[in-house]
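Q: Going by my numbering, the sequence shown opens with residue 587, and the numbers climb by one from there.
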Amino acid sequence: MPPLVYAVMGSSRELAVGTTAVASLLFAATLGKEAPPGEKPELYAALAFTATFFAGVLQAGLGVLRLGFLVDILSHAAIVGFMAGAATVV
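#1: Have a look at residue 634 and residue 590 and give me their C-alpha separation to the nearest angstrom.
#2: Using only alpha-carbon positions, find the residue among 648, 637 and 675 that is nearest to residue 656.
#3: Is it true that the CB of residue 621 sits closer than 8 Å to the CB of residue 630?
#4: Measure the alpha-carbon distance for residue 667 versus residue 613 and round it to whole angstroms.
#5: My assumption, with CB atoms under 8 Å, is that residue 571 sits in contact with residue 608. Please give the rounded CB distance.
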């Protein structure tokens with residue numbers, strides 16, 4: 587779905603292209619170890635939906651409580667380190 591959204595809104599200022607693809611790959615790799623999609627597709631889907639639901643609840647809660655300023659606490663070095671680690675994993 588994200589590539590379709592990017593194709594439609596590729597020139598939008600609000601579109602953020604960053605490390606989300608790497609996070610998706612790591613998420614899929616982690617879920618694949620717990621519930622291989624070829625062997626247990628129902629469990630794989632249930633785990634994926636549950637994890638994304640709770641991530642959405644967390645984001646919505648942070649938005650309602652107006653805690654977006656917490657992102658400013660993350661240092662540039664931590665973000666660069668995450669990106670370098672993700673590149674190494676990929």
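Every residue, glycine too, gets a C-beta built ideally from N, C-alpha and C.
A: Let me spell this out:
#1: Position 48 of the sequence shown, counted from the first residue, corresponds to residue 634. Position 4 of the sequence shown, counted from the first residue, corresponds to residue 590. Going from the Cα of residue 634 to the Cα of residue 590 covers about 20 Å.
#2: Position 70 of the sequence shown, counting from 1, holds the residue named residue 656. Minimum Cα distance to residue 656 is reached at 648.
#3: The sequence position of residue 630 within the sequence shown is 44, counting from 1. The sequence position of residue 621 within the sequence shown is 35, counting from 1. Cβ distance < 8 Å, so residue 630 and residue 621 count as in contact.
#4: Mapped onto the sequence shown, residue 667 falls at position 81. Mapped onto the sequence shown, residue 613 falls at position 27. Roughly 18 Å separates the two Cα atoms.
#5: There is no way to answer for residue 571, as the model of the chain reaches only from 587 to 676.
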